[in-house]
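Below is one structure; the comments refer to it alone.
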Amino acid sequence: MGGDQRHMMEGAAEDKIPEGLRVLAVDDDCVCLKVLENLLRGCRYHPTTVTDAKTALKILRAGKEKFDLVITDVRMQDMDGFKLLERIRLEMDLPVISTLTAEF
10 MGGDQRHMME GAAEDKIPEG LRVLAVDDDC VCLKVLENLL RGCRYHPTTV TDAKTALKIL
70 RAGKEKFDLV ITDVRMQDMD GFKLLERIRL EMDLPVISTL TAEF
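The opening position of the sequence shown corresponds to residue 10 in my numbering, with each subsequent residue numbered one higher.
Quick look at the structure:
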């Protein structure tokens, strides 16, 4: 691959990844949450992390912080990620990504 073609591909990849997104990350596993936080910071996002769904809903409902995206684990003690997704969809216009970080 020539230099010009490589430069064009790198430029196209950079255009597809938005910077500065405000992300609420929810996971009751502190290690997974820290890994996710570091990945998000590496993408130049601004993560806020919480360890349970109820706290996430409280933050979202308060509306003091505006988020572009919520990333949540599916399996959590207080409320599973599917229930959190359902409540966010009913109450807010916000994209949610659900993840699975444990075995069933």
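By construction, the Cβ of each residue, glycine as well, lies at the ideal position given by its N, Cα and C atoms.
- The alpha-carbon of H55 is positioned some 16 Å away from that of P104.
- Here L78 has L30, R31, V32, L33, L103, P104, V105, I106 as same chain residues with Cβ atoms under 8 Å from its own Cβ, once five neighbours each way along the sequence are excluded.
- Ranking P27, R96, I26 by CA distance to the CA of K67 puts R96 first.
- With respect to the 9 Å criterion, D61 and M101 are not classified as neighbours on the basis of their beta carbons.
- Note: R31 is bridge-paired with H55 in the DSSP secondary-structure output.
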